[in-house]
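Under my numbering, the first residue of the sequence shown carries the number 14, and numbering increases by one thereafter. Ideal Cβ placement from N, Cα and C applies to all residues, glycine included.
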Amino acid sequence: RSDILQLQILSLEILREAVFGNVNNLQFLCENGRIHKFANSICWPAFMFQEFHQQKFLDPEVPNWKLDRQSTGNSPTLESFPSPVDILNTTEWNEYSVKLSKALCSFLLPPNEIRYCPGSTVTKISLPISLAYWEQCARWIIKILSTVFPCIKACASETELPNHIRILSNILQHYMLSTFKKVLISAPVLLKSFREEGLWDLIFSEKIFYFGSSLECIHQIVGETETQTDHFTDAAESTGYKSNLPDVNILQSEAISFLEFAATLNENTNNLPECSALLSALEHCTNGPGLVVTILKSFHVILKLATEQTLVSFKSLDVLTRVLKVACLQAQELRKAHPSDDFRGNGSQSNNVQMDSLDERIKNALTCVELAFNLFKEYVTISDLGRMIILHNANCIGCLFDLFQEENLRKHVLEQVLALYRLPPSSAQDHTAKLQLCSKYLETFTRAKEHEKNFAEMSIDLLVTLREIILIDRAYYQNLFRNGECFLHIVSLLNGTFDEAVGEQLVLNVLQTLTSLLAENDESKAAFRMLVGVGYQTLQSLLLDFCKWLPSRKLLDALLGMLVDGTFEINEKTTIKNEDVIILFLNVLQKSSTSLQHYGLVVLQQLLKGSITNRTYCFKAGLLSFLLDWFSVEEWEDTVIKIAELIQIIGGHSISGKDIRKMFALLRGEKISVKQKHSSLLLTSLSHMLKEKGPEAFFEFSGHDSGIEVKSPVQWPYSKGLSFCCWLRVESFPENGMMGLFSFFTENGKGCLAMLGKNTLVYESVSQKNQCVLLPLSLPTKQWKFLSVTHTVGRAFSGGSQLRCYVDGDLVSTEKCRYAKVNEVMTRCSLGTELMPIGEEPTSLGFEGTFAFTGQMGPVYAFSDALSAEQIRGIYNLGPSYMYSFLGDQNLLMNNDSLYKGILDARDGISSKMIFGLNAQASNNRTLFNVSSVLDSLDKSKLEATIMGGTKLCSRRLLQDIIYCVGGVSVLFPLLIHFDDAITHSGESPTGDQLAGQVIESLLHLFWMEM
């Protein structure tokens, strides 16, 4: 038998001597079916022995070795398996297989170069062999192997090969892989031939890659030969692959190593075929996580060593999507295997299940998921366009969000998603891709809620990242997420039952995220209001139901942040930006503890005291009505006092007929009337409301991008002079700065301007010569004042042009100032904007800078004449709420008051002198209308003025103006008797005189107002 095997080896060696290096002779072996015959000559001994063994095994006279071995209890050896044990032994067949493999490889390399060695020690050889021979020989051997291995596979049963055939197959594979690698390193140009002959398809096929031996079988093959065992083990570890993976054999590691070597050759400018083969292998072996780990490690090496060409291949093959899909499959298998477990961190597991207790397969599956994601990170980090490619790949993004469910990857997934959002959209396609990304992001909330027990923690992570996304480009991403229906997904998170700690964190993050999505965006606020109702009623119900425990300080602060469109800090400039939150905040506050109620009411009081805008928002939101209802049921005295103070502030600013009726109903009600202190608080509030001053409609200037711009050209009063009048309330003066009051300039910069300092009015006249004068002027802050500035035209012997300043109708300062005589129209006119002196630097005037006006302005008028002191006092006496054209108010003229007649008379009044009149009531959105009467020119009615972004239109109703809704002054008389009766029946100490005094004080004030 050994002679037969030796004869086969000898014949191959002789044939090799005749062919080696000779292209013509080799060509002979490639013709007329000789490849198939040669392949048969390689296989026939193994097949012959197998057939003979099967015949002997069926012979009843031959003992059943397998049964005998089992009965004696000895460990089974090669002879105990179906194999030709009576013809040859393991050592003999092993030596034959090695010699046969070397003989076949010797057609490519000299015998002394053919040896099995680790991949890292393969070196280049230099032989006087033509490249043509090498190429043809390589093609010939690949064709032979493509015939041999299918024949070997055909001998297999459903699960395994006969051992002697497996020995031959594995040794042949090892030697051929080593030989091909040595050939390739010596002649890289042959890579093209390898590809054309389908070498990768052969290696990564069921005949070789998926039908290789395990490490146990390799040890069985090499027997007791320690040297050979070391060789095989080294081969598996030569490129970083460990042979201890339970589902990865050495042949598979060698195949991957060879492919990796080919893909990273310096001469390989296009490794697409290699990447494609490796990717196909990855997708084929998803049920073996250890093998997946090995392939993913190879991808990392290829990307690192051959970056440029690998990036191109990755893009063409959509490698990242397919790799992430494999990772998702591994993650799914993990969850199926451990449905009640949640894997965390670096292999730690919740519910006190330690990673050490997991088998190797589970560990490899976890490693697989991490390696796949790390490959994704490497790709987008290295490639300039990598992230943009990912952004437009919906499947890849879908896989990315699938991996978000893995606890150990969650933070990293969100980092990558955030990086995608940072990409600037440069086309409509980019915008569409980002909208899809938003939709996928929001869907993750729903998926987490449906499938994860710890969805609260997952939702918090998503909410935190969502706020970071908004910070990238607030307006753009607010609109994008709004179009993705973000509000529905986020509010729905509050539908559930949680423990107090986690629940509160979720609520806080929901509110903070809603604040980011709504901040400074009117469209988003309107969309959210449409979803949850005016005053955010649905959100209010969810919060109150969610907070079955008492609301915390953090919750109130979150609502306050939502109220001001950001982080809440109480100061004079804190402005309410979202009026729908006002009642929401109060409803939660009413359910809070007494100490928190006190805190919230104090904060609200500070907000209202510091800003008229805040009072306007609160009144529009229905704050006064809410406070009156709360006042009627509250028992704690300290809380009642705070509520009464708020009622006084907000009611003094504005009050509706409904609120007046509710207030008097409380005063007449038995519950309040018997509590004298409560009645006194309400009467005190009522008294302060009646004393409130100021216009019913006014402009609120924030001091930042605020003011009024007159767009239409205005004719300059050339010959008669100029007057400017307005009701104003200074919120605060800038330290060492000036605020713009008005400016009227032509296109070439001629005209005048006025600015306000803390104790100064700065006026500059610009024509042929510039002149700047400072008039003493002291305006108190937070008080309504009527300010008038007049400038006369100097006549001969008249003492020159005079600049005069009036406050509340009284002259406070005067100064000589050259009048700007300009024949051109004024095209650059503004009110309350930031101004800069034309001829002087602010520092030369004693100021450090200039600013926009901060405060409020009521009706504003400009006249083409220098009004007299009597006319100015007449305008002042009309009051701050007069907003008309000074044309014939018959009710006022019937008083025979010469003061009113001088300003309201159709012929001798000031109506015809008005250049323009502007007020917050005569408006449409941001456009203001001129109230000037049309006498001199039709063009006056066409004046166009607009408010800037930092300016708001405010309106209100004062108690003294609308008390007639409940009967006028007479409504107070019944209270005198009512309080006296209530005190008598209640038995409390008689302090009715005090209450009666408060009522009488209010009556006297109303009488004085009417007079």
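Practice problem: Please name the residue, chosen from G963, L292 and K195, that lies closest to F217 on a Cα-to-Cα basis. | Solution: L292
Notebook entry, point to check: Are L190 and F120 close, meaning C-beta to C-beta below 8 Å?
Noted result: no
| task | In angstroms with no decimal places, state the Cα-to-Cα distance between A488 and Y977. | result | 46 Å
* Asked: Does DSSP put F274 in a helix, a strand or coil?
  -> helix
Among K50, N591, T607 and S645, the one whose alpha carbon lies nearest that of R628: Checked all of K50, N591, T607 and S645; the closest Cα to R628 is N591.
- Query: H425 lies in the alpha helix (DSSP H); which residues open and close that run?
  - Reply: Here the alpha helix (DSSP H) through H425 covers E420 to Y434.
Classify F746 as helix, strand or coil using the three-state DSSP reduction. coil
task: Within 10 angstroms of the Cβ of D512, are there 16 or more other Cβ atoms? Answer buried if so, exposed if not.
output: exposed
Worksheet item: Excluding the five sequence neighbours on either side, which residues of its own chain have a C-beta within less than 8 Å of the C-beta of L5, listed in chain order?
Response: Past the boundaries of the shown model lies residue 5; the chain is included only from 14 to 1024, so the question cannot be answered.
So, under 8 Å CB-CB, L774 and C842 are touching, yes? Tell me the CB distance rounded to an integer number of Å.
With a Cβ gap of about 19 Å, L774 and C842 do not count as contacting.
Checklist entry - In or out: Q442 buried (at least 16 other Cβ within 10 Å) or exposed? => result Under the 10 Å beta carbon count, Q442 is surrounded by fewer than 16 other beta carbons and is classified as exposed.
Which of helix, strand or coil does DSSP assign to I269?
helix
### Residue environment, K567, which counts as buried when at least 16 other CB atoms sit within 10 Å
exposed
For L659 and L640, which I take to be in contact (beta-carbon distance under 8 Å), what is that distance rounded to the nearest angstrom?
5 Å
Please identify the residue among E420, S505, L450 and P438 whose C-alpha is closest to the C-alpha of N470. Here the sequence assigns Glu to residue 470, which means Asn is not the residue at that position. Nearest of E420, S505, L450 and P438 to E470, Cα basis: E420.
Checklist entry - Quick one: any contact between the region 853 to 863 and the region 712 to 721, if contact means 3 or more CB pairs under 8 Å? => result no
Residue interval of the alpha helix (DSSP H) (run including D214)
L212 to I216
Review point. Which of the three DSSP states, helix, strand or coil, is assigned to A865?
Key: coil
Q) Are A875 and F758 close, meaning C-beta to C-beta below 8 Å? A) no
Assigned secondary structure, L555 (DSSP; H/G/I helix, E/B strand, else coil):
The three-state reading of DSSP puts L555 in helix, counting H, G and I together.
Review point. According to the Cβ coordinates, are D593 and F581 closer than 8 Å?
Key: no
Can you tell me which residues form a DSSP beta bridge with C842?
V723 and F757
Practice prompt. Throw me the rounded Cβ distance for the N637 and D672 pair, which I believe falls under 8 Å.
Written response: In the sequence as displayed, the identity of residue 637 is Leu instead of Asn. That pair is a contact at about 5 Å.
Spatially closest choice to P747 from G734, G770 and V802, by CA coordinates
Taking the Cα of P747 as reference, the smallest distance to any Cα among G734, G770 and V802 is reached at G770.
Practice item. Could you name the residues of the same chain whose beta carbon sits closer than 6 Å to that of H444, not counting the 5 residues immediately before and after it, in chain order? Key: P438
Subject >> Pairwise C-alpha distance: E777 and L941 >> reply: The straight-line gap from Cα to Cα measures roughly 27 Å.
Subject >> Same chain, Cβ closer than 6 Å to L971, five either side skipped, listed in chain order >> reply: E705
Keeping to the same chain, check which residues put their C-beta closer than 6 Å to that of L614; ignore five residues upstream and five downstream.
K655
(Q) I need the straight-line Cα distance from F33 to I184, nearest angstrom please. (A) 23 Å
For this session: Using only alpha-carbon positions, find the residue among Q884, Y889 and K724 that is nearest to R939.
Result: Ranking the options by Cα distance to R939, first place goes to K724.
* Can you tell which of P58, H49 and F417 has its C-alpha closest to the C-alpha of D16? -> P58
C-alpha gap between V393 and L379, whole angstroms: The C-alpha of V393 lies about 22 Å from the C-alpha of L379.
message: If you reduce the DSSP assignment to three classes, tell me which class C765 lands in.
response: strand
**Prompt:** Contact check, L285 vs S329 under 8 Å by CB: the rounded distance?
**Reply:** 6 Å
Mapping the DSSP letters down to three states, classify E837 as helix, strand or coil.
coil
* What residues are listed by DSSP as bridge partners for Y874? -> Bridge partners of Y874: C738 and G930.
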